[in-house]
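Q: Let me begin by handing over the structure; questions about it come next.
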Amino acid sequence: MAEQNRHALVLFSGGQDSTTCLAWALERYDRVETIGFDYGQRHRVELDQRKVVLAQVRAQFPAWADRLGEDHMIDLAVLGQISDTALTSDAEIRMNADGLPNTFVPGRNLLFLTLAAALAYRRELNVLVGGMCETDFSGYPDCRDDTIKAMQVAISLGMGKRYTFETPLMWIDKHETWQLAQDLGGDALVEVIVEHSHTCYTGDRSERHDWGYGCGKCPACVLRRNGFAQWRAEQANLEAAQ
193 MAEQNRHALV LFSGGQDSTT CLAWALERYD RVETIGFDYG QRHRVELDQR KVVLAQVRAQ
253 FPAWADRLGE DHMIDLAVLG QISDTALTSD AEIRMNADGL PNTFVPGRNL LFLTLAAALA
313 YRRELNVLVG GMCETDFSGY PDCRDDTIKA MQVAISLGMG KRYTFETPLM WIDKHETWQL
373 AQDLGGDALV EVIVEHSHTC YTGDRSERHD WGYGCGKCPA CVLRRNGFAQ WRAEQANLEA
433 AQ
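So this is what it looks like as structure tokens:
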């Protein structure tokens, strides 16, 4: 059931997680807008795919289309300019000495949330929705629940306006994310995610797997592939038991 008179802004990259979060928000809020960031990411093909995903949502889900408002793209090139990571260059993906993968872009989600809140202030949107996850992730500190809660408090105080930060995926893993998409939009939404979303860190869309497009080797592809396989196996077991 929609939460009446509450308006949301979804941090929407065009990947599996943010597409699922977009569907989650469209089920709950009267008006939903989206925001994306161009920070010089290596996988900037996601910026093209996000437009495709939004078009598919509007075309295939009429009830959601009525709630889906404007999309906003923010030029955040400065983040890429000051970063030295495998997501902002062609560096080989590896673990750093501090135990974090070099795909970690320092400050990325902190900036995303701050800029999203500034836009939400002008657009009179009081809920921010993001795909951050602490259960099935690469250890990024800016994806942790404590970080998101602290940002919610700091931004609400700094803006002089109460915001709610929602993270529907925070405590579920990738196979449960596939199930959530199924629960929200059925086979049609799962198909949109497989065919049109982009999650691969290398930006590879040359090969289509049963779980979607990607190199099949980077950490993002491995998580997505394994989660999809587990989800399909559980579905098959349920069908066999009926």
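Using the working numbering, you'd call the opening residue of the sequence shown number 193 and step up by one each time.
Note that CB positions come from ideal geometry on N, CA and C, so glycine has one too.
Nearest-angstrom Cα distance between D334 and G299?
A: Taking the first residue of the sequence shown as position 1, residue 334 is located at position 142. Taking the first residue of the sequence shown as position 1, residue 299 is located at position 107. Between D334 and G299, the C-alpha separation is close to 7 Å.
Q: Can you tell me whether G323 is buried or exposed? The criterion is at least 16 other CB atoms within 10 Å of its CB, across all chains shown.
A: The residue labelled residue 323 in the question sits at position 131 within the sequence shown. Of the residues assessed, G323 falls on the buried side of the cut-off, its CB having 16 or more other CB atoms within 10 angstroms.
Q: To the nearest angstrom, report how far apart M362 and A342 are at their CA atoms.
A: For this step, residue 362 is matched to residue 170 along the sequence shown. For this step, residue 342 is matched to residue 150 along the sequence shown. Rounded to whole angstroms, M362 to A342 spans 15 Å at the Cα level.
Q: Have a look at E225 and A308 and give me their C-alpha separation to the nearest angstrom.
A: Locating residue 225 in the sequence shown gives position 33, counting from the first residue. Locating residue 308 in the sequence shown gives position 116, counting from the first residue. For E225 and A308, the distance between alpha carbons rounds to 11 Å.
Q: Whose C-beta lies closer than 6 Å to the C-beta of A257 among residues of the same chain, with five residues either side of it excluded?
A: Taking the first residue of the sequence shown as position 1, residue 257 is located at position 65. Answer for A257: R250, listed in chain order.
Q: Can you list, in chain order, the stretches of the alpha helix (DSSP H) that have 4 or more residues and sit fully within the region 204-282?
A: Counting only runs of 4 or more, we get 208-218, 237-252, 254-257, 269-274.
Q: For V382, which residues of its own chain have a beta-carbon under 8 Å away from its beta-carbon, when the five flanking residues on both sides are left out?
A: Translated into positions along the sequence shown, residue 382 becomes position 190. Non-local beta-carbon contacts of V382 in its own chain, meaning distances under 8 Å to residues more than five positions away in sequence, involve W370, A373, Q374 in chain order.
Q: Keeping to the same chain, check which residues put their C-beta closer than 6 Å to that of T211; ignore five residues upstream and five downstream.
A: Here residue 211 refers to the residue found at position 19 of the sequence shown. Closer than 6 Å at the Cβ level, and outside the excluded window around T211, lie V245, I385, S389.
Q: Residues bridged to V319 by DSSP?
A: Taking the first residue of the sequence shown as 1, we reach residue 319 at position 127. DSSP, once it has assigned bridges, lists A200, T356 as partnering V319.
Q: Comparing C-alpha positions only, which one of I227, P360, Y313 sits nearest to R336?
A: Within the sequence shown, numbered from 1, the residue matching residue 336 stands at position 144. Closest option to R336, Cα to Cα, is P360.
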